[in-house]
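J.: In this note's numbering, the protein residues as written are 247 to 530.
1) Which residues does DSSP list as the beta-bridge partners of residue 343?
2) Apart from the five residues on each side of it in sequence, which residues of its chain come closer than 8 Å, Cβ to Cβ, to residue 422?
3) Can you tell me whether residue 513 is buried or exposed? The criterion is at least 16 other CB atoms within 10 Å of its CB, across all chains shown.
4) Roughly how far, in whole angstroms, is the beta-carbon of residue 425 from the beta-carbon of residue 281, given that I think they are within contact range, below 8 Å?
5) Is the separation between the beta-carbon of residue 331 and that of residue 370 shorter than 8 Å?
6) When the Cα atoms are used, what is the spatial distance from residue 464 to residue 262?
7) Can you have a look at residue 472 and say buried or exposed, based on whether 16 or more other CB atoms are within 10 angstroms of its CB?
8) I need the straight-line Cα distance from residue 449 to residue 475, nearest angstrom please.
9) Give me whichever residues DSSP pairs with residue 497 in a beta bridge.
10) Within its chain, find whatever has a CB closer than 6 Å to the CB of residue 419; leave out the 5 residues flanking it on each side and keep chain order.
11) What first and last residue would you give for the alpha helix (DSSP H) that runs through residue 396?
12) Suppose you measure from the CA of residue 273 to the CA of residue 365; what does that come to, to the nearest Å?
13) List the endpoints of the continuous beta strand (DSSP E) containing residue 254.
14) Does the distance from the CB of residue 499 to the CB of residue 520 come in under 8 Å?
15) Let me know the secondary structure DSSP gives residue 330 once reduced to three states.
16) Does DSSP put residue 471 in a helix, in a strand, or in coil?
17) Please report the straight-line C-alpha distance between residue 527 and residue 447, rounded to a whole angstrom.
18) Answer with yes or no whether the minimum CB distance from residue 298 to chain C is below 8 Å.
19) Which same chain residues end up closer than 7 Å to residue 304 when comparing Cβ atoms and leaving out the 5 residues on each side of it in sequence?
20) Pull up the distance between the alpha-carbon of residue 524 and that of residue 495, whole angstroms please.
21) Round the Cβ separation of residue 265 and residue 507 to the nearest angstrom and send it over; I've been treating them as touching at under 8 Å.
22) Which of the three DSSP states, helix, strand or coil, is assigned to residue 482?
Given below as structure tokens:
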């Protein structure tokens, strides 16, 4: 994600900040499934599975204490925690103790071996430990937190434990209606699809790649003209480029990420960092 320079035809006039259609794969327009619209939109789930999925977090139920009391994401049973451990979502508690060695030390390629490391694995967490972390609100950024993948695993597993069918039998979980042959053709088309670049040419144009990709500057015949434009218009995530020379350095580099952090630049946008290069090979 960031900004890049494309060489396009001088008469290329695709609307600015509108994604180039050659970068968007047109998917098949299958009709929505109406048999699993429990919340207004197709869910791909049975009614019972939808209820399990949409009571995982408190805010899915209510922003009041009622939601906290009824949501089950912080009320897992031990078999559910064991399932997360088996799926390697939590419980990766391999520890190594560093043990100092007495002199005289053995040597390894001229360096003394002062320590050795002894594996000291901790037991898998209990349901009480996992629930306490998530109940305290620190789940997502903790080793025991539940991200979207863990939630998906838990919902499916709870349905399995309760004997609840998971997928909508009408659409088989796809949320749309299509035959197996139609879905196979769609998958084949997706595998075969390749993006189509805009028409190449002698022009210079600035593009953003945060989306699928869209132009954000007019097309210029000379890099110097584009560089001037970049100092007069917002083209970085923070604003215009500071100088024409800095813009030319970025144009020469051809691409920069949205942000970058280094000892030389600190935390800044990528285009500014590219413009801080010490030398510029060539001119306008």
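Glycine included, C-beta positions come from ideal geometry on N, C-alpha and C.
T.: Based on what the coordinates show:
1) Sequence index remark: in the chain shown, residue 343 carries index 97 (1-based). Residue 343 is bridged to 364.
2) Here residue 422 is taken as the residue at index 176 of the chain shown, counted from 1. Same-chain partners within the cutoff: 276, 277, 278, 279 and 288.
3) Your numbering for residue 513 matches position 267 in the chain shown. That one is exposed.
4) Here residue 425 refers to the residue found at position 179 of the chain shown. Here residue 281 refers to the residue found at position 35 of the chain shown. The Cβ separation is near 16 Å, so there is no contact.
5) For the purposes of this step, residue 331 is taken as residue 85 along the chain shown, with counting starting at 1. For the purposes of this step, residue 370 is taken as residue 124 along the chain shown, with counting starting at 1. In contact: residue 331 and residue 370 (Cβ atoms closer than 8 Å).
6) As a first step, residue 464 must be located in the chain shown, where it is residue number 218. As a first step, residue 262 must be located in the chain shown, where it is residue number 16. Distance between the alpha carbons of residue 464 and residue 262: 8 Å.
7) Translated into positions along the chain shown, residue 472 becomes position 226. The residue in question, residue 472, is buried, as its Cβ has 16 or more Cβ neighbours within 10 Å.
8) Taking the chain shown and counting its residues from 1, the one referred to as residue 449 is at position 203. Taking the chain shown and counting its residues from 1, the one referred to as residue 475 is at position 229. Between residue 449 and residue 475, the C-alpha separation is close to 14 Å.
9) For the purposes of this step, residue 497 is taken as residue 251 along the chain shown, with counting starting at 1. Paired residue(s): none; residue 497 is not in a bridge.
10) For the purposes of this step, residue 419 is taken as the residue at position 173 of the chain shown. Counting only Cβ-Cβ distances below 6 Å, and skipping sequence neighbours, we find 290 and 413.
11) Walking along the chain shown from the start, residue 396 turns up at place 150. 394-408 is the extent of the alpha helix (DSSP H) around residue 396.
12) Here the question's residue 273 lines up with position 27 in the chain shown. Here the question's residue 365 lines up with position 119 in the chain shown. Roughly 51 Å between the two C-alpha positions.
13) For this step, residue 254 is matched to residue 8 along the chain shown. Segment 248-254, the beta strand (DSSP E) holding residue 254.
14) Taking the first residue of the chain shown as 1, we reach residue 499 at position 253. Taking the first residue of the chain shown as 1, we reach residue 520 at position 274. Yes, these two residues count as a Cβ contact at 8 Å.
15) By one-based count along the chain shown, residue 330 stands at place 84. Helix, per DSSP.
16) For the purposes of this step, residue 471 is identified with residue 225 of the chain shown, where counting begins at 1. If DSSP states are grouped into helix, strand and coil, residue 471 belongs with the helices.
17) Residue mapping note: residue 527 aligns to position 281 of the chain shown, counting from 1. Residue mapping note: residue 447 aligns to position 201 of the chain shown, counting from 1. Residue placement at residue 527 cannot be trusted, given a pLDDT of 40 that sits under 50; the coordinates are not used to answer.
18) Here chain C cannot be found, since the structure has a single protein chain.
19) One-based indexing of the chain shown puts residue 304 at position 58. Excluding positions up to five away in sequence, the list reads 313, 314 and 317.
20) Position 278 of the chain shown holds residue 524. Position 249 of the chain shown holds residue 495. Low local confidence applies: a pLDDT of 41 at residue 524 is under 50, so the model's placement there is unreliable, with the coordinate-based value given in what follows. Each residue's Cα considered, the two are about 9 Å apart.
21) As a position in the chain shown, residue 265 is number 19, starting the count at 1. As a position in the chain shown, residue 507 is number 261, starting the count at 1. That belief does not hold up - the Cβ atoms of residue 265 and residue 507 are roughly 28 Å apart, past 8 Å.
22) Within the chain shown, residue 482 is the residue found at index 236, counting from 1. In this structure, residue 482 counts as coil in the three-state DSSP scheme.
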